[in-house]
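Quick note: the sequence shown uses the working numbering, first residue 1, plus one each step. Idealized CB from N, CA, C, for every residue including glycine. Structure first, then comments.
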Amino acid sequence: MQPVDTELGTKTRIHQSSCNFDYTCIEGDCPSFIRVKTRPAKTGPAGAKTPPAGAARTMRAQPPADIAEPDRPVPGPDGYGVFMAGVGGTGVVTVSQVLATAALLDGLDILGLDQTGLSQKGGPVVSHLRFFAGEASGANLIGAGDADCYLGLDLLVAADPKNLAKADPERTLAVTSTSKLPTGHMVAHVDETYPEIDGMLAAIDGATRASASIRLDADRMADALLGTAMPANVLALGAAYQAGGIPVSAASIEEAIKLNGVAVAANIAAFRWGRVYVREGADGLVSLAGVSPAAALPETAAAAPGLGLDSVPARAKATARALLQRSGLATVPTDGAAALAEMVERRAADLADYQSASLASEYVDFVDAASAREREVMGERTELAEAVARYLHKLIAYKDEYEVARLHLRPGLHEAMRDAVGDYAGYRILLHPPALRALGLKRKISLGPLQRPALAVLKAMRRLRGTPLDLFGYAKVRRVERQLVADYRALLEAELNSLTPGTYERAVKLAQLPDVIRGYENVKLAGVERFGEQVRAVRSPDTRPVALTTKPAG
Numbered sequence: 001m002q003p004v005d006t007e008l009g010t011k012t013r014i015h016q017s018s019c020n021f022d023y024t025c026i027e028g029d030c031p032s033f034i035r036v037k038t039r040p041a042k043t044g045p046a047g048a049k050t051p052p053a054g055a056a057r058t059m060r061a062q063p064p065a066d067i068a069e070p071d072r073p074v075p076g077p078d079g080y081g082v083f084m085a086g087v088g089g090t091g092v093v094t095v096s097q098v099l100a101t102a103a104l105l106d107g108l109d110i111l112g113l114d115q116t117g118l119s120q121k122g123g124p125v126v127s128h129l130r131f132f133a134g135e136a137s138g139a140n141l142i143g144a145g146d147a148d149c150y151l152g153l154d155l156l157v158a159a160d161p162k163n164l165a166k167a168d169p170e171r172t173l174a175v176t177s178t179s180k181l182p183t184g185h186m187v188a189h190v191d192e193t194y195p196e197i198d199g200m201l202a203a204i205d206g207a208t209r210a211s212a213s214i215r216l217d218a219d220r221m222a223d224a225l226l227g228t229a230m231p232a233n234v235l236a237l238g239a240a241y242q243a244g245g246i247p248v249s250a251a252s253i254e255e256a257i258k259l260n261g262v263a264v265a266a267n268i269a270a271f272r273w274g275r276v277y278v279r280e281g282a283d284g285l286v287s288l289a290g291v292s293p294a295a296a297l298p299e300t301a302a303a304a305p306g307l308g309l310d311s312v313p314a315r316a317k318a319t320a321r322a323l324l325q326r327s328g329l330a331t332v333p334t335d336g337a338a339a340l341a342e343m344v345e346r347r348a349a350d351l352a353d354y355q356s357a358s359l360a361s362e363y364v365d366f367v368d369a370a371s372a373r374e375r376e377v378m379g380e381r382t383e384l385a386e387a388v389a390r391y392l393h394k395l396i397a398y399k400d401e402y403e404v405a406r407l408h409l410r411p412g413l414h415e416a417m418r419d420a421v422g423d424y425a426g427y428r429i430l431l432h433p434p435a436l437r438a439l440g441l442k443r444k445i446s447l448g449p450l451q452r453p454a455l456a457v458l459k460a461m462r463r464l465r466g467t468p469l470d471l472f473g474y475a476k477v478r479r480v481e482r483q484l485v486a487d488y489r490a491l492l493e494a495e496l497n498s499l500t501p502g503t504y505e506r507a508v509k510l511a512q513l514p515d516v517i518r519g520y521e522n523v524k525l526a527g528v529e530r531f532g533e534q535v536r537a538v539r540s541p542d543t544r545p546v547a548l549t550t551k552p553a554g
């Protein structure tokens, strides 16, 4: 499970490349999963496994084999040091072993040490390699400032000052993967954000030859080009080789990959694609691979169906556009106001499809009033209205049974599944609605493609949401969700009515507090309690009464 940043905030996804297939995710409290049945690999000549014909999650194109050779470094009398910083379970030690084997094939002497500590899967791992043209001598550790090539396979580990001490600003070439790989703590605590990438890259640049540094999003590049992120470290190795940071030959590295015997074709392709990236640049790689820039070198995680707003129907988009045009949000001639208007329009379109144009209209009117009050007090600042737009939508568009049906029926679901696992044989939607749980059902129900009409009926019933005919709405969590919207609006109205420059920062903070509400069922209810506690803590100096019950609505 990995957190992923989306337009609608931080969500959680299954990271296919690192999944250990114990299926505990299915046992969790998420009300909706899709289980995809993959086709078995076909058997080719000599028993070799080949992907099914037409599988999307295979190599998009074979990389060229005749890539121009770089100027390879030659180890001096004191050797040539390669320092690698990554995390366990991603192949750092394997890359180290491949390089050591390649060095022996090239007739070089080698000293090395892998420091795995208590890393297990996801913990920090560093590897020291010292190459010698003659007989190896000295320690197997790379000392302070002695790294000639600094291979950052994980950004957090690479930016650690303890590891950067191995580098020298006049000597060290840095090749860094910028992939945002969350730590185990981040996965368990989704409110913890990933550190600013720019700050970590600046630290690496300050300790190495910044003008020569190479950066690449190895994880996503490998995923896009090869159908899996597992060879990401080998792809980064290819970039380091082509940048002139590795003192062994490409032929020996590829031979060492063959001798290792694991995912040989994918790892050789990854090594070559890394070389192509440095040799030809991003545009050249995209051209050779035959994929779009967004697919080959994405800057943000691809949004799965339901995680973004682009798949909203055209009618809902037109409704939102009309609502925005009659509001004051579309008439403010500043860049900040334009960005706010776009944010509101996209979320209003989602709400129009989520339930109705009336609900979208209420949302636009409230944000419009908040923005007008903010302009009156603070001029061109938009932080408060942006927070209101973001988190009021979050609270209104809670994921109930109708919403789960809507999301499963959105366009792009089948394309997303093919992109994730290839040419699949079938799928089942696993659901666990609170209403069925209240009746004693302990396990998730399973729906297949033949049950899509039932989902369509359920989606059509979303107009009943919040009415006496909403049978799902009587569950405790649904009543709390409805009450929470009313409480949040009352809280904001109180702040806006008395807004001054002195209370502005507090108002922004209060508007952002729904970010602590995550998950489903008991997890969400616990988040609602935290929200109430934090509201009271922020407002404690203020004695003005504001109703904030976080109790179920009737």
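Is residue 216 closer than 7 Å to residue 266 when the C-beta atoms are compared? no
Quick check on residue 367: does DSSP put it in helix, strand or coil? helix
Would the region 198 to 211 and the region 228 to 244 be scored as touching if the rule is three or more Cβ pairs under 8 Å? no
Could you check how far apart the C-beta atoms of residue 112 and residue 102 are, in whole angstroms? I think they sit under 8 Å. Their Cβ separation, rounded to whole angstroms, is 12 Å, which puts residue 112 and residue 102 out of contact at 8 Å.
Between 198, 283, 312 and 362, which has its C-alpha nearest residue 327's C-alpha? 362
Can you have a look at residue 25 and say buried or exposed, based on whether 16 or more other CB atoms are within 10 angstroms of its CB? exposed
Can you check whether the CB of residue 482 is closer than 7 Å to the CB of residue 402? no
Report yes or no: do the region 258 to 278 and the region 58 to 77 share at least 3 C-beta pairs separated by less than 8 Å? yes
Go to residue 262, then tell me how far its alpha helix (DSSP H) extends in each direction, as first and last residue. Counting along the chain, residue 262 falls outside any alpha helix (DSSP H), and DSSP gives it neither H nor E.
Please tell me whether residue 150 and residue 174 are closer than 7 Å, where the distance is taken between their beta carbons. yes
Taking 7 Å as the limit between beta carbons, can you name the residues of its chain near residue 527, skipping five residues before and five after? 516, 517, 518 and 519
For residue 390, does the count of other Cβ atoms within 10 angstroms reach 16, so buried, or fall short, so exposed? buried
C-alpha gap between residue 238 and residue 92, whole angstroms: 14 Å
Measure from the C-beta of residue 193 to each C-beta in chain C and report whether the shortest distance is under 7 Å. The chain inventory of the structure shown lacks chain C, comprising one protein chain alone.
Thinking C-alpha only, which one of 329, 396, 318 and 14 is nearest residue 588? Within the shown structure, residues of the chain are numbered from 1 to 554, placing residue 588 beyond reach of any answer.
Report, in whole angstroms, the separation of the C-beta atoms of residue 109 and residue 136, which I expect to be a contact under 8 Å. 4 Å
Please tell me whether residue 222 and residue 235 are closer than 7 Å, where the distance is taken between their beta carbons. yes
Confirm the yes/no value for this check: CB of residue 90, any heavy atom of the ligand ADP, distance under 6 Å. This structure lacks the ligand ADP; in fact it carries no ligand of any kind.
Can you tell me which of 116, 268 and 408 puts its alpha carbon nearest to the alpha carbon of residue 447? 408
Report the rounded CA-to-CA distance for residue 249 versus residue 134, giving the unit in angstroms. Approximately 17 Å between the Cα atoms of the pair.
Tell me whether residue 408 sits in a helix, a strand or coil according to DSSP, three-state version. In the three-state reduction of the DSSP assignment, residue 408 falls in the helix class.
Buried or exposed for residue 258, please, with buried defined as at least 16 other CB atoms from any protein chain shown within 10 angstroms of its CB. So residue 258 counts as exposed.
Going by C-alpha to C-alpha distance, which of 340, 382 and 350 sits closest to residue 399? 350
Give me the Cα-Cα distance between residue 439 and residue 6, rounded to the nearest whole angstrom. One Cα belongs to residue 439, the other to residue 6, and the distance between them is close to 35 Å.
Exposure label - residue 367; buried when at least 16 CB within 10 Å: Flag for residue 367 reads buried.
Within 10 angstroms of the Cβ of residue 166, are there 16 or more other Cβ atoms? Answer buried if so, exposed if not. buried
Who does residue 151 pair with in a DSSP beta bridge? 84 and 175
Where do the ends of the beta strand (DSSP E) carrying residue 13 lie? 9 to 13
Does the Cβ of residue 98 have 16 or more other Cβ atoms within 10 Å, making it buried, or fewer, making it exposed? buried
Tell whether a beta-carbon distance below 7 Å holds between residue 508 and residue 342. no
Give a yes or no on whether the C-beta atoms belonging to residue 75 and residue 247 are separated by under 7 Å. Yes, Cβ-Cβ distance for residue 75 and residue 247 is below 7 Å.
Thinking C-beta only, is residue 126 closer than 7 Å to residue 85? When the beta-carbon positions are compared, residue 85 and residue 126 come within less than 7 Å of each other.
Using the Cα positions of residue 82 and residue 288, report the straight-line distance between them to the nearest angstrom. 30 Å
Mind reading off the beta-carbon distance from residue 319 to residue 360? Whole number of angstroms is fine, and I expect it under 8 Å. 6 Å
Taking only three categories from DSSP, how would you classify residue 181? coil
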